[in-house]
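Each remark here refers to the structure printed beneath this line.
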Amino acid sequence: MLKLTRLVAVVAALAALSTAALAERVLRVDEVAVGELDPAKASDYADSMLMFNVYDTLVLPRQGGPGHVPHLAESWEQSGNDYTFKLRSDVKFQSGNSMTAEDVVFSMERMQTIGQGLSFLFVDVESIEALDAHTVRISLSRPYAPFLSSLVRLPIVDKALVMANLGEGEGEMKDWGQAYLSANGGGSGAYMVESHNPQDETVMVKNPGYFLPISDMAPDRVRLRYGLEAATVRTLVAQGEHDITSQWLPPEVKRALVSDGNQILTEGGTGSFYFKLNSQKAPFDDVHCRLAVANAYDYTSGLKLVEIAEGVAEGTPSTGAISVGMFGANPADQTLSRDLDGAKAHLAQCMHDPADFSIEISWIAEVPVEERFALLLQANLAEIGIKSSITKIPWAVFSSNVESAENTPHVSQLFVTAVTGDPDTLLWGQYHSTAAGTWQSAEHLNDSEVDSLLEAGRTATTDEGREEAYAALNQRLQAIAASVYVFDRQTVFVGRPGINVPALSDPEMAFGLDSMGFAFRLIEVE
Amino acid sequence: MKAVLGLLAGRLAISTLVLAGVSVLIFGIARVIPGNPARIALGPNATKEQVAKLAAELHLDEPIWIQYGHFVRDLSRGELGISLYTNRPVTTDIAQFLPATLELVLIAGILMIGIGLPLGMVAAKYRGGFVDNLVRIVSLLGVSAPSFVWAVILMLLFAFYLPLFPIAGRIDTEFAIEHVTGFLLVDSLIAGEFRAFGNAMWHLFLPAFALSLSGIGQAARLTRANMVETYEKPYIEMARSYGFPAWRIARRYAFKPSLIPSLTIIGLDFAAMLGNAFLVEAIFAWPGLSRYGVAVILRKDLNAIVGTVLIISAAFLIANLIVDLLIALLNPRIRYARSAR
């Protein structure tokens with residue numbers, strides 16, 4: 000009997016220990032490799048997830064609508080090209096150092112000097128000055144209306160920590176702490192880096208000293224895994240070993256996971272999927288040939304290719320060149336649709352005879368779903384008598400070929416995202432004539448009206464002015480069919496039941512900025 | 000022994016020359032892969048000035064022979080430059096990722112030898128019978144299907160339908176093992192953490208088995224073929240006529256001479272697994288060098304490409320060297336021939 004009692008006691012103790020271990024709320028998510036921790040180099044989705052959780056920014060996008068709300072900055076004033084920010088005085092970095100205006104100045108200078116990541120957003124910053132411990136003034140060299148939205152990409156770094164950990168390099172600032180911040184956190188964010196292997200995973204734990212309240216339901220520990228294969232994710236979720244999948248899973252795998260009872264999470268309003276028509280190459284040097292393609296494409300069938308569940312696809316119907324929700328976008332119900340008669344009419348007006356040309360439709364080798372769109376477009380074009388061939392191009396080759404109009408395929412398929420949520424970062428890089436020659440600008444467009452409208456969007460001083468400029472730009476881009484605006488991007492993730500992500504499931508809580516929905520402090524793990 | 004040392008010195012000298020040749024070759028090839036590494040690293044939004052600045056920092060604006068000079072100078076200091084993929088020194092990446100791959104390949108190699116050779120012996124002993132045919136089928140399945148197919152099948156069977164094995168990573172997060180060598184099996188033993196050792200072994204089994212299946216098949220087929228040939232030799236007949244037990248004949252008289260041709264192939268298989276581990280590493284989320292190698296090629300990360308290829312080449316050479324030494328030790332005719340020269 001005594002032995003039995005002891006056994007029961009041991010089992011009970013073990014059970015108690017297990018319960019204690021299980022009490023920790025762990026969130027396991029994945030993204031493509033490689034996760035870059037240094038916020039001055041962050042550019043892609045995984046980097047941004049790290050950035051938005053380990054660091055804070057002066058402002059945040061408003062949830063559920065346009066505009067920005069204070070975050071590290073309590074308030075701000077704009078006078079011409081000068082912006083003055085009043086900072087919160089209760090913010091401490093994860094190191095325990097207090098956040099001051101000097102840290103903001105240091106972060107901007109560091110970003111500009113390193114010149115990588117999203118530093119291009121700050122090329123117009125002429126000077127930055129700490130007026131006192133909690134006031135900072137930023138002066139721009141010229142009007143740049145989207146500046147406030149750009150600040151969501153300026154993570155504030157702990158200057159004292161970085162200065163104590165400078166690596167090898169020349170000059171007083173040596174490497175600006177690049178080696179240190181590529182392996183460690185240096186911000187005030189809600190999560191602290193516990194371990195980081197850029198090819199494997201980053202483990203983060205809740206920051207107990209965070210300046211905003213964090214729900215007890217928020218994950219205590221987050222494992223951000225990199226480069227998991229679709230089969231691995233499928234199995235991990237089935238085993239209960241993974242909570243939210245990346246966006247990169249093939250639609251079939253997402254469908255299978257959803258049919259297993261997992262939930263769909265979405266993030267939209269941040270960009271679009273395009274067929275980019277090379278305007279410098281016959282037959283697309285003629286606007287009518289481009290319009291023929293834009294009218295011949297079957298938009299409805301295209302969305303079916305990326306459908307995950309009834310009514311949910313990895314895209315929403317396109318209304319034009321600007322994603323719904325941004326300045327200048329057309330109303331959501333004014334969706335684009337196929338017009339075969341219109342396509343034939345435009346083709347008849349094109350100076351190139353379809354009998355004399357065949358167009359090359361390319362797809363990026365690393366994005367297999369694009370092959371389906373290539374086949375659909377090929378079938379659609381065949382219906383109006385346009386011959387075409389399909390070419391698979393590795394990303395590295397494409398990004399090199401696109402530097403010259405001659406080597407750029409007739410049709411290139413690309414997803415483009417506004418890195419700040421502002422249409423300027425969606426459109427300028429694609430359509431301004433000075434930006435031609437990067438993967439975003441495979442159209443090699445050179446249209447003075449587009450250029451001047453893009454510039455108007457940057458310099459308009461009011462929201463109304465910007466709305467007007469971008470609405471006109473939208474009309475112009477549709478009129479000249481610079482691209483085929485295939486669909487507005489809707490990023491789809493699959494989450495395990497019991498994970499509550501308001502920013503990815505409730506439009507009123509959505510941020511309208513890529514990866515911001517993964518602010519872990521706002522996620523609840525049951 | 001003198002002959003073996005002579006062989007070792009000769010092979011080392013040749014290996015150094017081969018490595019130098021490989022470095023020139025891969026340095027040139029990496030630079031003709033299409034794509035501007037600076038543009039790929041900085042992304043589409045970077046200005047032309049930013050791209051030019053990074054290109055200059057990487058010496059990409061200089062002639063290729065000058066670039067090679069920089070590479071040799073850095074290499075002499077034990078540096079391989081910065082990876083544009085991870086933004087860390089390539090040596091740091093290799094130091095972190097190589098042990099994971101080596102550990103995987105070593106265990107796969109042990110499985111290949113530990114399962115493949117006995118299977119070959121059994122098949123040869125029962126040649127023409129049911130066991131021989133069974134081994135033939137198993138071997139052919141192992142050889143004909145690539146390791147990534149086996150990886151997916153094993154994952155489906157032993158993780159999805161029967162959740163017996165973990166499928167991601169090297170060890171559970173509950174084990175915080177201090178990295179001394181980077182080999183988790185060794186580090187956990189150094190730390191005296193036997194549960195961690197077991198956990199790391201548990202994580203290793205499926206990927207290592209998937210990786211070894213092709214080698215197991217090849218080793219079994221080769222061993223069987225060589226042993227069947229040896230069984231026809233007169234001295235085996237003589238051993239039989241003396242009434243030696245069948246297993247003694249198999250182990251002592253038939254297996255040892257049959258091992259020599261198999262060893263060469265096993266050595267090559269062993270080294271090839273380093274490069275071929277990529278898909279298995281990808282499927283099992285194994286943070287190894289093979290996966291890193293493919294990722295850096297896709298991103299045209301020049302420094303990392305050269306560093307990774309050099310390490311894998313060195314592994315090939317070392318594996319070949321070990322095989323040559325083993326063959327010299329096993330086969331007296333090779334040793335004596337060298338001594339005679």
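Residue numbers (numbering that gives the first Met the number 0), protein chains in the order written: chain Y, 0 to 525; chain C, 0 to 340. Glycine included, each C-beta is placed from N, C-alpha and C at the ideal position.
Mark C:W246 as exposed unless 16 or more other C-beta atoms lie within 10 angstroms of its C-beta, in which case mark it buried.
-> As a first step, residue 246 of chain C must be located in the second sequence, where it is residue number 247. By the neighbour-count rule (16 or more Cβ atoms within 10 Å), C:W246 is not buried but exposed.
So what's Y:S148 in DSSP terms, helix, strand or just coil?
-> The count along the first sequence starts at 1 and reaches residue 148 of chain Y at position 149. Three-state DSSP puts Y:S148 in a helix.
Residues in its own chain within less than 7 Å of Y:Y484 by CB, not counting five upstream and five downstream?
-> Here residue 484 of chain Y refers to the residue found at position 485 when the first sequence is read from its first residue. Hits under 7 Å: S271, Y273, S317, G319, A320, L335.
What separation, rounded to the nearest whole angstrom, lies between the Cα atoms of C:D323 and Y:A189?
-> For the purposes of this step, residue 323 of chain C is taken as residue 324 along the second sequence, with counting starting at 1. For the purposes of this step, residue 189 of chain Y is taken as residue 190 along the first sequence, with counting starting at 1. Spanning the two alpha carbons is a distance of roughly 57 Å.
Contact list for the stretch 196–212 of chain Y against chain C, Cβ threshold 8 Å | N196, P197, Q198, D199, E200, V202
Short check: CB of C:A209 to CB of C:S261, under 7 Å?
-> Your numbering for residue 209 of chain C matches position 210 in the second sequence. Your numbering for residue 261 of chain C matches position 262 in the second sequence. No, Cβ-Cβ distance for C:A209 and C:S261 is not below 7 Å.
Taking C-alpha atoms, which residue in Y:I127, Y:N96, Y:V204, Y:S94 lies nearest to Y:E110?
-> Your numbering for residue 110 of chain Y matches position 111 in the first sequence. The residue you asked about is not Glu; residue 110 of chain Y is Met in the sequence shown. Of the listed residues, the one whose Cα sits closest to Y:M110 is Y:I127.
Check whether the Cβ atoms of Y:V418 and Y:L150 lie closer than 7 Å to each other.
-> Within the first sequence, numbered from 1, the residue matching residue 418 of chain Y stands at position 419. Within the first sequence, numbered from 1, the residue matching residue 150 of chain Y stands at position 151. Their beta carbons are not under 7 Å apart, which means Y:V418 does not touch Y:L150 by this criterion.
Who are C:M111's beta bridge partners in DSSP?
-> Within the second sequence, residue 111 of chain C is the residue found at index 112, counting from 1. Its beta-bridge partners do not exist; DSSP assigns none.
Can you check whether the CB of Y:Y54 is closer than 7 Å to the CB of Y:P69?
-> If you number the first sequence from 1, residue 69 of chain Y lands on position 70. If you number the first sequence from 1, residue 54 of chain Y lands on position 55. No; because the gap between Cβ atoms is not below 7 Å, this pair is not in contact.
Could you tell me the boundaries of the alpha helix (DSSP H) in which C:K299 lies?
-> Taking the first residue of the second sequence as position 1, residue 299 of chain C is located at position 300. Here C:K299 belongs to no alpha helix (DSSP H), and DSSP marks it neither H nor E.
Under 7 Å, do Y:A342 and Y:N294 count as touching if we go by C-beta distance?
-> Within the first sequence, numbered from 1, the residue matching residue 342 of chain Y stands at position 343. Within the first sequence, numbered from 1, the residue matching residue 294 of chain Y stands at position 295. Yes; because the gap between Cβ atoms is below 7 Å, this pair is in contact.
Test: C:L41 CB closer than 7 Å to a CB of chain Y = Along the second sequence, read from residue 1 onward, the residue named residue 41 of chain C stands at position 42. Yes, C:L41 lies at the interface with chain Y (some Cβ there is under 7 Å from its Cβ).
What's the C-alpha gap between Y:F121 and Y:T390?
-> One-based indexing of the first sequence puts residue 121 of chain Y at position 122. One-based indexing of the first sequence puts residue 390 of chain Y at position 391. Using only the alpha carbons, I get a separation of about 37 Å.
Span separating the alpha-carbon of C:H178 from that of C:I189 = Start at 1 with the first residue of the second sequence, and residue 178 of chain C comes out as number 179. Start at 1 with the first residue of the second sequence, and residue 189 of chain C comes out as number 190. C:H178 and C:I189: Cα-Cα distance of roughly 10 Å.
Determine whether the Cβ of C:L11 lies closer than 7 Å to any Cβ atom of chain Y.
-> Your numbering for residue 11 of chain C matches position 12 in the second sequence. It does not; no Cβ of chain Y falls within 7 Å.
Inter-residue spacing [alpha-carbon to alpha-carbon] between Y:V202 and C:R290 | In the first sequence, residue 202 of chain Y corresponds to position 203, counting from 1. In the second sequence, residue 290 of chain C corresponds to position 291, counting from 1. Approximately 21 Å between the Cα atoms of the pair.
Exposure label - C:N198; buried when at least 16 CB within 10 Å | Translated into positions along the second sequence, residue 198 of chain C becomes position 199. The residue is buried, with at least 16 neighbouring Cβ atoms inside 10 Å.
Under three-state DSSP, which class holds C:A2?
-> For the purposes of this step, residue 2 of chain C is taken as residue 3 along the second sequence, with counting starting at 1. Here C:A2 sits in helix by DSSP.
State yes or no: is the C-beta of C:Q49 within less than 7 Å of the C-beta of C:L59?
-> Counting from 1 along the second sequence, the entry for residue 49 of chain C is found at position 50. Counting from 1 along the second sequence, the entry for residue 59 of chain C is found at position 60. Taking 7 Å as the Cβ cut-off, C:Q49 and C:L59 do not qualify as a contacting pair.
From the beta carbon of Y:F119, is the nearest beta carbon of chain C less than 7 Å away?
-> Here residue 119 of chain Y is taken as the residue at index 120 of the first sequence, counted from 1. Answer yes: the Cβ-Cβ gap between Y:F119 and chain C drops below 7 Å somewhere.
Going by C-alpha distance, which of C:D131, C:I282, C:L103, C:F277 is nearest C:L183?
-> As a position in the second sequence, residue 183 of chain C is number 184, starting the count at 1. Of the listed residues, the one whose Cα sits closest to C:L183 is C:L103.
Residue environment, C:R223, which counts as buried when at least 16 other CB atoms sit within 10 Å = Within the second sequence, numbered from 1, the residue matching residue 223 of chain C stands at position 224. Buried, because 16 or more other Cβ atoms sit within 10 Å of the Cβ of C:R223.
Within this structure, are the beta carbons of C:I326 and C:I265 separated by less than 7 Å?
-> As a first step, residue 326 of chain C is located in the second sequence; it is residue number 327 there, counting from the start. As a first step, residue 265 of chain C is located in the second sequence; it is residue number 266 there, counting from the start. Going by C-beta atoms, C:I326 is not nearer than 7 Å to C:I265.
Cβ-based contacts, 7 Å cut-off: residues of the stretch 33–50 of chain Y near chain D | Going by chain labels, chain D is absent from the structure shown, which instead holds the protein chains Y and C.
With distances taken Cα to Cα, identify the nearest neighbour of Y:G420 among Y:I113, Y:Q115, Y:F84, Y:L147.
-> Walking along the first sequence from the start, residue 420 of chain Y turns up at place 421. Considering only alpha carbons, the answer is Y:L147.
Any Cβ of chain Y within less than 7 Å of the Cβ of C:K299?
-> Position 300 of the second sequence, counted from the start, is the residue given in the question as residue 299 of chain C. Judged by the 7 Å Cβ criterion, C:K299 is in contact with chain Y.
Contact set between C:I311 and chain Y, taken where Cβ atoms lie within less than 8 Å = Sequence index remark: in the second sequence, residue 311 of chain C carries index 312 (1-based). In chain order: nothing, as chain Y lies at least about 17 Å away.
Check whether the Cβ of Y:F228 lies closer than 7 Å to any Cβ atom in chain C.
-> For this step, residue 228 of chain Y is matched to residue 229 along the first sequence. At residue 228 of chain Y the sequence reads Glu, which differs from the Phe that was named. Taking Cβ atoms only, chain C reaches closer than 7 Å to Y:E228, which makes this a yes.
How many angstroms separate the CA atom of C:G80 from the CA atom of Y:V28?
-> Residue numbering aside, residue 80 of chain C sits at position 81 when the second sequence is read from its first letter. Residue numbering aside, residue 28 of chain Y sits at position 29 when the first sequence is read from its first letter. So the alpha carbons of these two residues sit roughly 31 Å apart.
Report yes or no: do the stretch 252–264 of chain Y and the stretch 477–493 of chain Y share at least 3 C-beta pairs separated by less than 8 Å?
-> yes
Residues that Y:W394 contacts on chain C, provided the C-beta gap is smaller than 9 Å = Within the first sequence, the letter at position 395 stands for residue 394 of chain Y. Result: G34, I39, L297, R298.
Between the C-alpha atoms of Y:L302 and Y:G310, what's the straight-line distance to the nearest angstrom?
-> Within the first sequence, the letter at position 303 stands for residue 302 of chain Y. Within the first sequence, the letter at position 311 stands for residue 310 of chain Y. Going from the Cα of Y:L302 to the Cα of Y:G310 covers about 10 Å.
Residue from Y:G79, Y:G324, Y:D174 with nearest C-alpha to Y:R61 | What you label residue 61 of chain Y is simply residue 62 of the first sequence in a count that begins at 1. Among Y:G79, Y:G324, Y:D174, the Cα nearest to that of Y:R61 is on Y:G324.
DSSP three-state call for Y:H345: helix, strand or coil?
-> As a working note, residue 345 of chain Y is residue 346 in the first sequence. Helix at Y:H345.
Does Y:Q115 get closer than 7 Å to chain C when you measure Cβ to Cβ?
-> Your numbering for residue 115 of chain Y matches position 116 in the first sequence. Interface residue, yes.
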